[in-house]
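Notes for the one structure printed next.
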Amino acid sequence: MSKPVNVDSSAFEAEVLSAPVPVVVDFWAVWCGPCRMMAPVLDQLAEDYDGNVKFAKVNVDENQELAARYGIMSIPTLVIFKDGQEVGRVIGYMPKEKLKEQLEAAIH
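All letters in the sequence shown, in the order written, are residues 1 to 108 by this note's numbering.
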């Protein structure tokens with residue numbers, strides 16, 4: 001059973017940039033309604049892609065410098081990394097099937 005992992009600035013390199021599989025990073029905040037709507041969708045995708053894609057969450061209030069480094073202007077923003085490089089970005093809430101299409105396009 002795979003769940004998104006919480007990542008902060010100190011763990012970002014190891015958990016995301018050096019990961020052996022593609023990583024979807026959810027930049028979010030506790031007070032963000034659409035972020036809360038996206039959480040169960042990401043939990044389901046983490047299950048679907050268990051072992052093939054890693055899911056991580058970055059709280060923008062606690063990691064402002066990380067959000068700034070990746071130009072996060074609105075949340076939720078999902079940044080998809082493969083081999084340490086950004087290969088895709090999704091801004092705002094998206095239903096599971098549409099998000100899955102975006103993810104497939106970015107990692108293949």
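Note that the Cβ used here is the ideal one computed from N, Cα and C, for glycine as well.
For residue i, the nearest candidate out of the options (CA to CA)
i    : options            : result
K82  : V90, E47, V23, V30 : V23
T77  : Q64, G92, Q85, G84 : G92
V109 : S9, A11, V79, S10  : Because the chain in this structure spans residues 1 to 108, residue 109 falls outside the shown range and cannot be described.
S10  : V41, E97, C32, Q64 : Q64
C32  : S74, K98, E104     : S74
Euclidean distance between Cα positions of residue i and residue j
i    : j    : result
D43  : Q102 : 16 Å
L17  : A106 : 16 Å
M94  : E62  : 24 Å
H108 : V87  : 10 Å
K100 : W28  : 19 Å
A19  : E47  : 18 Å
V30  : K96  : 21 Å
G84  : A56  : 14 Å
F12  : Y49  : 20 Å
N59  : N6   : 8 Å
K3   : D26  : 12 Å
V116 : A14  : This structure cannot settle anything about residue 116, because the visible part of the chain is limited to 1 through 108.
V90  : G51  : 22 Å
K98  : L45  : 12 Å
Residues that DSSP places opposite residue i in a beta bridge
i    : result
K109 : The displayed coordinates of the chain run from 1 to 108. Any statement about residue 109 would go beyond what the structure contains.
V90  : L78
W28  : N59
Q64  : Q64 pairs with nothing; no bridge assigned.
Q85  : K82
V5   : A56
Examine the Cβ distances between the region 30-38 and the region 64-72 and report whether three or more of them are shorter than 8 Å. no
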